[in-house]
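Beneath this line is the structure, given in structure tokens, with notes to follow.
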Amino acid sequence: MDKRPLAATLLALALLALPAAAADKLHLYNWNNYIAPETVKRFEAECRCEVVQTYYSDNEELLAKLAAGAKGYDVLVPTGNTVEALVKGGQLLPLDKSKLPNLRNVDPAYLNTPFDPGNRYSTPYAMSTTILGYNDEKMKELGLPTDTWAVIFDPRHLAKVKGRVTVLDSSAELFAAAFKYLGYSANDVDEKHWRQAADLIKKAKPYWAAFNASSYIKELTVGNIWLVHGYSNDIFQANQDAQAAGRKFRILQGMPKEGAVLAVDSMVIHKGAPRPDLAHQFINFMLDGRNSADLTNLIGSGNPNLDAAKSISPELKALPAVFPPKDVAAKLEQLKELTTAQRRLRNRLWTEIKAAR
Amino acid sequence: MDAHRPVSWRKWAVGGPPLAYLVVFFAIPTLIMAAASFRSPGEFGGLAPLVGEDGSLDITLESYVRLVEGTVYLEVFVKSIAYALVTTLACLALAYPLAVLIAQSPRKYRDLMLLLVILPFWSNFLIRIYAWMIILGPNAALAKAINGVRAVFGAEPVSLLFSSFAVLVCLVYVHLPFMVLPLYANLEKHDRALLDAAQDLGANAWRRFWRITFPLSLPGVYAGAALVFIPALGIFAIPDILGGPNDTLIGNLIKQQFLETRDWPFGSVLSIVLTVAALALAGLAAWIGRRGSAEVARA
Numbered sequence: 083m084d085k086r087p088l089a090a091t092l093l094a095l096a097l098l099a100l101p102a103a104a105a106d107k108l109h110l111y112n113w114n115n116y117i118a119p120e121t122v123k124r125f126e127a128e129c130r131c132e133v134v135q136t137y138y139s140d141n142e143e144l145l146a147k148l149a150a151g152a153k154g155y156d157v158l159v160p161t162g163n164t165v166e167a168l169v170k171g172g173q174l175l176p177l178d179k180s181k182l183p184n185l186r187n188v189d190p191a192y193l194n195t196p197f198d199p200g201n202r203y204s205t206p207y208a209m210s211t212t213i214l215g216y217n218d219e220k221m222k223e224l225g226l227p228t229d230t231w232a233v234i235f236d237p238r239h240l241a242k243v244k245g246r247v248t249v250l251d252s253s254a255e256l257f258a259a260a261f262k263y264l265g266y267s268a269n270d271v272d273e274k275h276w277r278q279a280a281d282l283i284k285k286a287k288p289y290w291a292a293f294n295a296s297s298y299i300k301e302l303t304v305g306n307i308w309l310v311h312g313y314s315n316d317i318f319q320a321n322q323d324a325q326a327a328g329r330k331f332r333i334l335q336g337m338p339k340e341g342a343v344l345a346v347d348s349m350v351i352h353k354g355a356p357r358p359d360l361a362h363q364f365i366n367f368m369l370d371g372r373n374s375a376d377l378t379n380l381i382g383s384g385n386p387n388l389d390a391a392k393s394i395s396p397e398l399k400a401l402p403a404v405f406p407p408k409d410v411a412a413k414l415e416q417l418k419e420l421t422t423a424q425r426r427l428r429n430r431l432w433t434e435i436k437a438a439r
Numbered sequence: 014m015d016a017h018r019p020v021s022w023r024k025w026a027v028g029g030p031p032l033a034y035l036v037v038f039f040a041i042p043t044l045i046m047a048a049a050s051f052r053s054p055g056e057f058g059g060l061a062p063l064v065g066e067d068g069s070l071d072i073t074l075e076s077y078v079r080l081v082e083g084t085v086y087l088e089v090f091v092k093s094i095a096y097a098l099v100t101t102l103a104c105l106a107l108a109y110p111l112a113v114l115i116a117q118s119p120r121k122y123r124d125l126m127l128l129l130v131i132l133p134f135w136s137n138f139l140i141r142i143y144a145w146m147i148i149l150g151p152n153a154a155l156a157k158a159i160n161g162v163r164a165v166f167g168a169e170p171v172s173l174l175f176s177s178f179a180v181l182v183c184l185v186y187v188h189l190p191f192m193v194l195p196l197y198a199n200l201e202k203h204d205r206a207l208l209d210a211a212q213d214l215g216a217n218a219w220r221r222f223w224r225i226t227f228p229l230s231l232p233g234v235y236a237g238a239a240l241v242f243i244p245a246l247g248i249f250a251i252p253d254i255l256g257g258p259n260d261t262l263i264g265n266l267i268k269q270q271f272l273e274t275r276d277w278p279f280g281s282v283l284s285i286v287l288t289v290a291a292l293a294l295a296g297l298a299a300w301i302g303r304r305g306s307a308e309v310a311r312a
């Protein structure tokens, strides 16, 4: 038997494997479904590299992983207060702005925040608000308001939707909503106000179906749940899914008049990044209006990129939760970090809420 | 003397790796956890530096004090133990007849039946929990049937999903095979001659079961109970996904400490208490088991 074909095949395979092994790779540690697949392809073509994505489902997961010493990520996309934690924890590489000419596209309103003064480490990527999402048919039928936090906290309203409401399983988000309803800042740190908010939550809890941060999109879509405290992107997604499934109702976004939490996610480079050069190239690429607009068109995220507006569909631009007009934006607040002692107290109140009958 | 040496060498060669595996992957993490429980949380997760800026050592009992400051954490512990107990008893009640059935079936059907018991493991744990969301959902046949019957009697409709009922049903579903398998392994070995002898001596079916089969099967019952109770005690995914607002268990609380609250020391304290509680209950079961078999031996 002639062994040459086998040897030739092996040699060919070895040659094929070489460029693959040596290929340039950008490691992006991102939220799930937080970049359009076409955008990734376009970047891969531009940089002649491969984008390797891994995902996290909340900022705490990202922090816990990095605190435990995880390495090998180039670009991360954490939310404002987590950027602050990462900066203070010395986890980030300063940005080289000479490599980021597209930074000029970003709306100055979202630059130079207290989380990262002067944007030494971070640049805005996309944003979402934590608002109400509702089944328009059911809410109209029941005559419930959809522009106030009262609808998820006031037992008078809740009695009509008992067991059809979910709130986020996040102490930070739920306390912030309760603070806003009570007329305080989302970042209030007065212990008396915290207890007042905890009492408010405990009184409303019997009417809620669940604390839920994962499956409420699906439950809204199929009509099991009629009202949620959730993220604007998720509510947008729920409506898209409901329309795709041919449901008669729509899932709409309700911006509470008391104000809400704004979450701006930013691109940062991890201090252990294997490829800071590719990381800068990627950040600059994502600051391009068209690439940034892809994401908004896909998932309905808010967009801090002024150059993106022209590539975003008009119906999306009309959503106040996505592009807050000035009067709404004035009432939005980004969540700040708590101290260790505050986090311990918050968790204690949260456990009492969860264990309360 | 020389003849013994290779034997002991071989014994270590065979038993050493699994022992090393246990030491490395059980003992060391447990010790790290125990050490972490006496420290303070770091500002950004992890632990505060052992030696502070002022040169003081970071060793504290604060996390243990927090545990007993109020009753809220203990309440969650008690609730978790109750859920795990109910799960174990329900699994036992469902698994026992099934294990007897399999053990008494003709040999050619036995393997197939065992395969069917193990079959659910072929699909992912989370996917099976999500499947229960659909089964228990308000628009599914089950909820409609139950609420249809309730409506006849003028009762309010109930919600199955997001409830303690959903959590318990799924806990039992997930853990049932862990009860069936050790019970089957035990029952299959029983000597039928004992039952025949008892019948000859005039014992009816119930008496034969209660005085012979059940006492003999106790080691299987304890093994199954331990395999169900201990994982059910620490589970967090099922109450997270299927539970209502009142279904926070100790597993959820521990997860919260490591993620949301970034309080590794307190999370370690809760984990240690959980481990100790599980060990204590397993020890208690073993002790009762030994007393039980001693009584059987006397009788």
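Protein sequence lines, in the order shown, are assigned to chains X and V.
Numbers 83 to 439, taken from my numbering, label the letters of the first sequence in order.
Numbers 14 to 312, taken from my numbering, label the letters of the second sequence in order.
Beta carbons: idealized from backbone N, C-alpha and C, even for Gly.
Note that the structure is predicted; figures quoted are calculated from it, not measured.
For GLY336 (chain X) and GLU255 (chain X), the rounded distance between their alpha carbons: In a straight line, the C-alpha of GLU255 (chain X) is about 16 Å away from that of GLY336 (chain X).
Contact with chain V by GLU441 (chain X), beta-carbon distance below 7 Å: Here chain X covers residues 83 to 439 and nothing more, so residue 441 (chain X) does not appear.
Extent of the continuous alpha helix (DSSP H) to which THR84 (chain V) belongs: Where THR84 (chain V) is concerned, there is no enclosing alpha helix (DSSP H), given that its DSSP letter is neither H nor E.
7 Å Cβ shell around GLU415 (chain X) - same chain, five flanking residues per side excluded: These residues qualify, in order along the chain: SER267, ALA268, ASN269, GLY341, VAL343, LEU344.
GLU219 (chain X) - containing alpha helix (DSSP H), residue span: It spans 218-224 - the alpha helix (DSSP H) in which GLU219 (chain X) sits, taken as one unbroken run.
The stretch 305-316 of chain X in contact with the stretch 141-158 of chain V per 3-pair CB rule at 8 Å: Using a Cβ-Cβ distance cut-off of 8 Å, the stretch 305-316 of chain X and the stretch 141-158 of chain V are in contact, since at least three pairs of beta carbons, one from each stretch, lie closer than that value.
Own chain partners of LEU420 (chain X) with C-beta closer than 7 Å, once the 5 adjacent residues on each side are dropped: The beta carbon of LEU420 (chain X) sits closer than 7 Å to the beta carbons of ARG428 from its chain, once the five residues preceding and following it are set aside; these are given in chain order.
Beta-carbon proximity list for VAL133 (chain X), same chain, < 7 Å, skipping 5 on both sides: Excluding residues within five positions, the ones whose Cβ falls inside 7 Å are LEU108, LEU110, VAL122, PHE125, GLU126.
Spatial neighbours of LEU145 (chain X) in its chain, beta-carbon cut-off 7 Å, leaving aside the 5 residues before and after: Within the same chain, THR164, ALA167 come within 7 Å of LEU145 (chain X) by CB-CB distance, once the 5 residues on both sides are set aside.
Any chain X beta carbon closer than 7 Å to THR73 (chain V): Not closer than 7 Å to any Cβ of chain X, the Cβ of THR73 (chain V) fails to qualify, so no.
First through last residue of the beta strand (DSSP E) which encompasses GLN319 (chain X): Counting along the chain, GLN319 (chain X) falls outside any beta strand (DSSP E), though it belongs to the alpha helix (DSSP H) covering 314-326.
Environment of PRO176 (chain X) [buried if 16+ CB atoms lie within 10 Å]: Exposed is the call here.
Within-7 Å CB hit, ASN306 (chain X) to chain V: It does: the Cβ of ASN306 (chain X) has a partner Cβ on chain V nearer than 7 Å.
Anticipated Cβ contact below 8 Å, ASP218 (chain X) with ARG332 (chain X), distance rounded: With a Cβ gap of about 5 Å, ASP218 (chain X) and ARG332 (chain X) count as contacting.
Under 7 Å from the C-beta of PRO54 (chain V): neighbouring residues of chain X: Result: THR422.
Proximal residues of chain V, C-beta to C-beta of TRP290 (chain X) below 7 Å: Contact of TRP290 (chain X) with chain V by beta-carbon distance below 7 Å involves PRO258.
Local Cβ density within 10 Å of ALA158 (chain V), reported as buried at 16 or more and exposed below that: It is exposed - the Cβ of ALA158 (chain V) has fewer than 16 other Cβ atoms within 10 Å.
Sheet register partners of GLU132 (chain X) (DSSP bridge): GLU132 (chain X) is bridged to X:LYS107.
C-beta neighbour in chain V for GLY171 (chain X), strict 7 Å: It does; some Cβ of chain V falls within 7 Å.
Three or more C-beta pairs below 8 Å linking the stretch 210-226 of chain V and the stretch 116-128 of chain V: Fewer than three beta-carbon pairs drawn from the stretch 210-226 of chain V and the stretch 116-128 of chain V are found closer than 8 Å, and the two stretches are therefore not classed as touching.
Distance between beta carbons of ALA149 (chain X) and PHE57 (chain V), contact taken as under 8 Å: Cβ atoms of PHE57 (chain V) and ALA149 (chain X) come within 8 Å of each other, at about 6 Å.
Contact with chain X by VAL180 (chain V), beta-carbon distance below 7 Å: Taking Cβ atoms only, chain X never reaches closer than 7 Å to VAL180 (chain V), which makes this a no.
CB contact check: GLY65 (chain V) to chain X, cutoff 7 Å: Taking Cβ atoms only, chain X never reaches closer than 7 Å to GLY65 (chain V), which makes this a no.
Closest by C-alpha distance to PRO196 (chain X), when choosing among X:ALA291, X:THR433, X:CYS131, X:VAL169: When only C-alpha atoms are compared, the closest one is X:VAL169.
CB-CB length for GLU142 (chain X) against GLU273 (chain V), believed under 8 Å: Rounded, the Cβ-Cβ distance is 5 Å, consistent with contact.
Residues from the stretch 85-119 of chain V in contact with chain X, defined by Cβ distance under 9 Å: For the stretch 85-119 of chain V, which is checked against every Cβ of chain X, the residues closer than 9 Å are VAL85, TYR86, GLU88, VAL89, LYS92.
Interface flag, ASN429 (chain X) vs chain V, CB-CB below 7 Å: Yes, contact with chain V.
Three-way DSSP call (helix, strand, coil) for MET83 (chain X) in this model: Since pLDDT at MET83 (chain X) reaches only 42, below the 50 mark, its modelled position is unreliable, and the value read off the structure follows with that caveat. The three-state reading of DSSP puts MET83 (chain X) in coil, since its state is none of H, G, I, E or B.
Residues bridged to SER204 (chain X) [DSSP beta-bridge criterion]: According to DSSP, which records beta bridges pairwise, SER204 (chain X) is partnered with X:VAL350.
GLY336 (chain X) - containing beta strand (DSSP E), residue span: Note, GLY336 (chain X): beta strand (DSSP E), 333-336.
Interface positions of the stretch 136-167 of chain V facing chain X (Cβ-Cβ less than 7 Å), listed along the chain: Residues of the stretch 136-167 of chain V with a C-beta atom less than 7 Å from some C-beta of chain X are MET146, GLY150, PRO151, ASN152, listed in chain order.
Pick from V:PHE242, V:LEU111, V:ILE267 that is closest to ASP253 (chain V), judged by C-alpha positions: Checking every option, the nearest Cα to that of ASP253 (chain V) belongs to V:ILE267.
Nonlocal neighbours in the same chain, by C-beta distance under 6 Å from ASP189 (chain X), ignoring five residues either side: These residues qualify, in order along the chain: PRO386, LEU388.
Buried versus exposed call for PRO406 (chain X) [16 or more other C-beta atoms within 10 Å across all chains shown]: It counts as buried.
Chain X within 7 Å of PHE57 (chain V), Cβ atoms only: Yes - at least one Cβ of chain X is within 7 Å of the one on PHE57 (chain V).
Straight-line Cα distance separating SER314 (chain X) from SER139 (chain X): C-alpha separation (whole angstroms): 16 Å.
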